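Q: For the record, the sequence lines run as chains A and B. According to UniProt numbering, the first sequence is numbered sequentially starting from 1. According to UniProt numbering, the second sequence is numbered sequentially starting from 1. We treat Cβ as the ideally placed atom computed from N, Cα and C, and that holds for glycine. Since we're looking at a predicted model, the values are computed, not measured. Below you will find the structure I want to go over with you.
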Amino acid sequence: MRVNLFRELACAADARVEVRGLTKHYGGVAAVDDVSFTVEPGSVTGFLGPNGAGKTTTLRMILGLVRPDRGRATIGGAGYADLARPLEIVGAALDSTGFHPGRTGLDHLRIYAAAAALPSSRAATVLGVVGLGDAGNRKVGGYSLGMRQRLALATALLGDPAVLILDEPANGLDPEGIVWLRRFLKEYAEAGRSVLVSSHVLTEMQQLVDRVVILHRGRLIREATLAELSGDHGDLETAFFELTTNQEIRP
Amino acid sequence: MRPLIISEVHKLFSTRLWLWLLLASMALAALYASLLIGFSDDPDTMTAPLDSPAGQQTLFAVASGGANTLVAVLAAIGVTGEFRHRTATATFLATPRRRRVVLAKLLVYVAAGVGYAIACLVVVASIAWPWLSAKGIDLGLLGEGLPSTYAGVVADVTLFAMVGVGLGALVRNQVATVVGLLVYRFVAEPMVTAVPALSDWTAYLPGSASAALTQVSLSTQNYLDPWLGGLVLTGYGLLLVIVGARVSVGRDVT
Chain A
1 MRVNLFRELA CAADARVEVR GLTKHYGGVA AVDDVSFTVE PGSVTGFLGP NGAGKTTTLR
61 MILGLVRPDR GRATIGGAGY ADLARPLEIV GAALDSTGFH PGRTGLDHLR IYAAAAALPS
121 SRAATVLGVV GLGDAGNRKV GGYSLGMRQR LALATALLGD PAVLILDEPA NGLDPEGIVW
181 LRRFLKEYAE AGRSVLVSSH VLTEMQQLVD RVVILHRGRL IREATLAELS GDHGDLETAF
241 FELTTNQEIR P
Chain B
1 MRPLIISEVH KLFSTRLWLW LLLASMALAA LYASLLIGFS DDPDTMTAPL DSPAGQQTLF
61 AVASGGANTL VAVLAAIGVT GEFRHRTATA TFLATPRRRR VVLAKLLVYV AAGVGYAIAC
121 LVVVASIAWP WLSAKGIDLG LLGEGLPSTY AGVVADVTLF AMVGVGLGAL VRNQVATVVG
181 LLVYRFVAEP MVTAVPALSD WTAYLPGSAS AALTQVSLST QNYLDPWLGG LVLTGYGLLL
241 VIVGARVSVG RDVT
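What follows is the structure, encoded as structure tokens:
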């Protein structure tokens with residue numbers, strides 16, 4: 001990891017993600033219920049909640065993959081589908097399984113570089129950034145979970161985006177990889193970009209995030225800076241359990 | 001559209017499926033052509049004599065016999081693979097306007113169909129020419145009616161590519177799409193077309209419309225005119241692509 005890997009962002013407003021009243025029902029159950037929050041440029045926002053809280057559905061609605069029943073999400077003021085060159089605004093790594101096992105890592109990246117009209121050389125560049133430079137010509141079917149996570153992150157980085165949206169990116173990473181990821185995301189945010197990262201590994205988040213958005217049973221129960229939350233509850237873990245077990249006491 | 005087409009071409013060629021299905025198509029074309037020539041002297045043969053234009057047209061028409069279904073399978077696997085391997089997420093993140101992805105796939109698989117058809121025609125020609133020469137039959141590659149047969153073969157295979165893209169987009173499930181396609185082609189439609197009383201109707205089914213393009217089939221089915229067969233098959237393909245793109249491709253990717 002080198003310093004100054006990322007260019008400073010010319011216009012920070014491009015990197016602001018605003019979520020307003022997002023709602024999604026599945027079979028009569030509200031998976032996401034009237035959720036609003038903002039991801040500020042220059043910070044890492046932790047998106048927390050127990051399994052099934054609606055984190056993944058919310059992220060997919062922000063990215064136009066799932067159509068909300070109500071509400072809207074914008075990136076730099078525009079909906080995802082209205083972005084002219086989306087991969088250069090938003091990079092997303094949503095799961096570590098979205099690869100054809102018979103394709104090499106490099107081919108996977110070249111396919112999406114081509115679709116976004118990015119130079120083919122970006123594929124090798126981002127592969128080097130995530131530390132998979134030597135595995136590029138191997139088929140993804142032979143990758144470990146940690147390698148797939150890195151490949152997913154490399155895909156997100158193709159367009160050198162202003163916003164990074166990552167769903168459980170630390171899953172399957174070894175301790176060394178987790179330390180690397182933490183430094184990487186911090187530097188990314190310090191360059192004036194936005195990072196939204198979901199996780200249930202709270203101790204990891206404590207050391208990474210500047211702000212937290214906590215979701216429980218599809219509803220937003222807290223949006224705060226880490227400092228505010230720690231002031232109220234002590235550490236993140238305590239805060240998380242107090243907030244998710246005592247839902248009556250809502251801020 | 002250009003970046004998307006490059007992306008789809010890269011998807012097609014970065015796995016080996018296109019090659020295996022191409023080799024299978026060529027092998028089937030070789031097999032059909034060999035059987036046809038090998039049994040051409042048999043007194044019970046249904047085929048016109050190979051020294052006649054009709055016989056030579058039949059001979060070249062078998063080029064699409066395997067390729068049409070296998071190109072449809074290739075296209076269907078290409079489309080449904082996005083959902084099976086969950087690459088649809090990355091694909092639709094790069095191209096949020098999803099119908100453009102369907103259009104790009106359509107163009108790429110139609111082009112692949114042209115390639116398959118030409119390769120299979122070459123296989124038939126390279127078997128037929130020396131073999132018929134040995135039998136003392138002169139095969140003019142631009143002989144009577146043969147250019148129309150070539151055109152029919154190319155149209156047949158490319159239109160099936162379109163059907164494969166449309167069916168895959170509509171169904172999304174890879175196993176269901178491929179099994180459904182094969183069962184329809186080799187079981188369902190042949191059973192229905194075997195009923196002579198239904199002949200006026202079954203002529204409009206996809207397989208019969210396909211046979212109408214080259215005017216060759218081994219059943220007793222009536223054909224439409226080639227142009228009408230092509231139109232009917234185009235209709236099926238377009239209908240599947242449009243319904244697939246409008247109804248199915250827009251659904252949530254979870």
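1) Which whole runs of the beta strand (DSSP E) in the region 103–173 of chain A are 3 residues long or more, in chain order?
2) Of all Cβ atoms in chain B, is any one closer than 8 Å to the Cβ of A:G76?
3) Do B:P226 and B:Q215 have their C-beta atoms closer together than 8 Å?
4) Tell me which residues share the same chain as B:M26 and place their Cβ nearer than 7 Å to its Cβ, disregarding the 5 neighbours each side in the sequence.
5) Is any beta-carbon of chain A found at less than 8 Å from that of B:A90?
6) For chain B, find out if any of its Cβ atoms is closer than 8 Å to the Cβ of A:Y80; answer yes or no.
7) Taking C-beta pairs closer than 8 Å, name the residues in chain B that A:L65 reaches, listed in chain order.
8) Taking 7 Å as the limit between beta carbons, can you name the residues of its chain near A:Q149, skipping five residues before and five after?
9) Check for me: the alpha helix (DSSP H) holding A:T74 runs from which residue to which?
10) Return helix, strand or coil for A:I249, following the three-state DSSP convention.
11) Within 10 angstroms of its Cβ, does B:F39 collect 16 or more other Cβ (buried), or is it exposed?
12) What residues in its chain sit with their C-beta under 7 Å from that of B:G237, if we drop five residues either side in the sequence?
13) Counting only beta-carbon atoms, is A:F47 nearer than 8 Å to chain B?
14) Looking at the strands, I want to know which residues DSSP matches up with A:G223.
15) Compute the beta-carbon to beta-carbon distance between B:V73 and B:V178, rounded to the nearest angstrom, for a pair I have assumed lies under 8 Å.
16) Could you tell me whether any Cβ in chain B is nearer than 8 Å to the Cβ of A:R250?
17) What number of angstroms, rounded off, separates the C-alpha of A:T198 from the C-alpha of A:T58?
18) Using a Cβ-Cβ cut-off of less than 9 Å, give me the residues of the region 82–101 of chain A that come near chain B, in sequence order.
19) Would B:A29 and B:V62 be called neighbours here (beta carbons separated by less than 8 Å)?
20) List, in chain order, every chain B residue whose beta-carbon is nearer than 7 Å to that of A:R20.
21) Starting from A:D34, trace the alpha helix (DSSP H) in both directions and tell me its first and last residue.
22) Distance, Cα to Cα, A:E187 vs A:G76?
23) Mind checking which residues open and close the alpha helix (DSSP H) that includes B:G229?
24) So which residues on chain A does B:T15 lean against when the C-beta distance must stay under 7 Å?
25) What does a CB cutoff of less than 6 Å around A:R20 pick up in its chain, not counting 5 residues either side in sequence?
26) Could you check what DSSP says for B:V253 in three-state terms: helix, strand or coil?
27) With 16 as the cutoff for other CB atoms within 10 Å, does A:G141 come out buried or exposed?
28) Closer than 7 Å, Cβ to any Cβ of chain B: which residues of the region 47–62 of chain A, in chain order?
29) For A:A114 and chain B, any beta-carbon pair shorter than 8 Å?
30) Helix, strand or coil for A:A191, going by three-state DSSP, please let me know.
31) With a threshold of 8 Å between beta-carbons, can A:D107 be considered close to chain B, or not?
32) Output, in chain order, the set of chain B residues within a Cβ distance shorter than 7 Å of A:R138.
33) Please go through the same chain and pick out, in chain order, the residues whose beta-carbon is closer than 6 Å to the beta-carbon of A:G60, but skip the five residues on each side of it.
34) To the nearest whole angstrom, what separates the beta carbons of B:L198 and B:G244, a pair I think is in contact under 8 Å?
35) With 7 Å as the C-beta to C-beta threshold (strictly closer), list the residues of the region 1–14 of chain B near chain A in chain order.
A: Put simply:
1) 163–167
2) Position 76 of the first sequence, counting from 1, holds the residue named residue 76 of chain A. It does not; no Cβ of chain B falls within 8 Å.
3) Within the second sequence, the letter at position 226 stands for residue 226 of chain B. Within the second sequence, the letter at position 215 stands for residue 215 of chain B. Result yes, Cβ atoms of B:P226 and B:Q215 sit closer than 8 Å.
4) Walking along the second sequence from the start, residue 26 of chain B turns up at place 26. If we look at B:M26 and ignore the five residues flanking it on each side, its Cβ neighbours are A119, C120 and V123.
5) Position 90 of the second sequence, counted from the first residue, corresponds to residue 90 of chain B. Answer yes: the Cβ-Cβ gap between B:A90 and chain A drops below 8 Å somewhere.
6) Indexing the first sequence from 1 puts residue 80 of chain A at position 80. With 8 Å as the cut-off, A:Y80 counts as an interface residue toward chain B.
7) Taking the first residue of the first sequence as position 1, residue 65 of chain A is located at position 65. Within 8 Å Cβ-Cβ: T89, F92, L93, D252, V253 and T254.
8) On the first sequence, position 149 is the one that residue 149 of chain A refers to. The residues are S96, P169, N171, G172 and L173.
9) By 1-based counting over the first sequence, the position of residue 74 of chain A is 74. No alpha helix (DSSP H) holds A:T74; the beta strand (DSSP E) holding it covers R70 to I75.
10) Against the first sequence, residue 249 of chain A aligns to sequence position 249. Unreliable positioning characterises A:I249 in this predicted model, as indicated by a pLDDT of 46, which lies under 50. The coordinate reading is nonetheless provided below. If DSSP states are grouped into helix, strand and coil, A:I249 belongs with coil.
11) Stepping through the second sequence from its first residue, residue 39 of chain B is reached at position 39. So B:F39 counts as exposed.
12) As a working mapping, residue 237 of chain B is identified with position 237 in the second sequence. Closer than 7 Å at the Cβ level, and outside the excluded window around B:G237, lie L159, M162, V163 and G166.
13) For the purposes of this step, residue 47 of chain A is taken as residue 47 along the first sequence, with counting starting at 1. No, A:F47 lies away from the interface with chain B (no Cβ there is under 8 Å from its Cβ).
14) Taking the first sequence and counting its residues from 1, one reaches residue 223 of chain A at position 223. Residue identity differs from the one stated: residue 223 of chain A is Glu in this sequence, not Gly. The partner list for A:E223 (beta bridge, DSSP) reads A:V213.
15) By 1-based counting over the second sequence, the position of residue 73 of chain B is 73. By 1-based counting over the second sequence, the position of residue 178 of chain B is 178. That pair is a contact at about 6 Å.
16) Mapped onto the first sequence, residue 250 of chain A falls at position 250. In this predicted model, A:R250 has a pLDDT of only 47, less than 50, meaning its place in the structure is not dependable; the value taken from the coordinates is given anyway. So, not an interface residue.
17) If you number the first sequence from 1, residue 198 of chain A lands on position 198. If you number the first sequence from 1, residue 58 of chain A lands on position 58. For the record, residue 198 of chain A in the displayed sequence is Ser; it is not Thr. Going by the C-alpha atoms only, they are around 11 Å apart.
18) D82, L83, P86, L87, V90, G91, A92, L94, D95, T97, G98, F99, H100 and P101
19) As a working note, residue 29 of chain B is residue 29 in the second sequence. As a working note, residue 62 of chain B is residue 62 in the second sequence. Their beta carbons are under 8 Å apart, which means B:A29 touches B:V62 by this criterion.
20) Start at 1 with the first residue of the first sequence, and residue 20 of chain A comes out as number 20. Near A:R20 there are no residues of chain B at all, since even the closest Cβ is about 19 Å away, more than 7 Å.
21) Residue mapping note: residue 34 of chain A aligns to position 34 of the first sequence, counting from 1. Run containing A:D34: none in the alpha helix (DSSP H); it sits in the beta strand (DSSP E), V29 to V39.
22) The residue given as residue 187 of chain A occupies position 187 in the first sequence. The residue given as residue 76 of chain A occupies position 76 in the first sequence. The alpha-carbon atoms of A:E187 and A:G76 are separated by roughly 21 Å.
23) Here residue 229 of chain B is taken as the residue at index 229 of the second sequence, counted from 1. That run of the alpha helix (DSSP H) goes P226 to V243.
24) In the second sequence, residue 15 of chain B corresponds to position 15, counting from 1. Correct list: H100, G102 and R103.
25) Stepping through the first sequence from its first residue, residue 20 of chain A is reached at position 20. Cβ neighbours of A:R20 beyond the five flanking positions: S36, G71 and R72.
26) Within the second sequence, residue 253 of chain B is the residue found at index 253, counting from 1. Three-state DSSP puts B:V253 in coil, outside helix and strand.
27) The residue given as residue 141 of chain A occupies position 141 in the first sequence. Exposed, since its Cβ has fewer than 16 Cβ neighbours within 10 Å.
28) R60
29) Locating residue 114 of chain A in the first sequence gives position 114, counting from the first residue. True, the Cβ-Cβ gap to chain B drops below 8 Å.
30) Counted from its first residue, the first sequence places residue 191 of chain A at position 191. A:A191: coil per DSSP, three-state reduction.
31) In the first sequence, the residue the question calls residue 107 of chain A occupies position 107. Answer yes: the Cβ-Cβ gap between A:D107 and chain B drops below 8 Å somewhere.
32) Residue 138 of chain A sits at position 138 when you count from the first residue of the first sequence. What A:R138 touches in chain B: nothing, since even the nearest Cβ is about 13 Å away.
33) As a working note, residue 60 of chain A is residue 60 in the first sequence. Reading off the sequence, residue 60 of chain A comes out as Arg, not Gly. Closer than 6 Å at Cβ, skipping near neighbours: V66.
34) As a working mapping, residue 198 of chain B is identified with position 198 in the second sequence. As a working mapping, residue 244 of chain B is identified with position 244 in the second sequence. Not really, about 28 Å apart at Cβ, beyond 8 Å.
35) P3, L4, I6, S7, H10, K11 and S14
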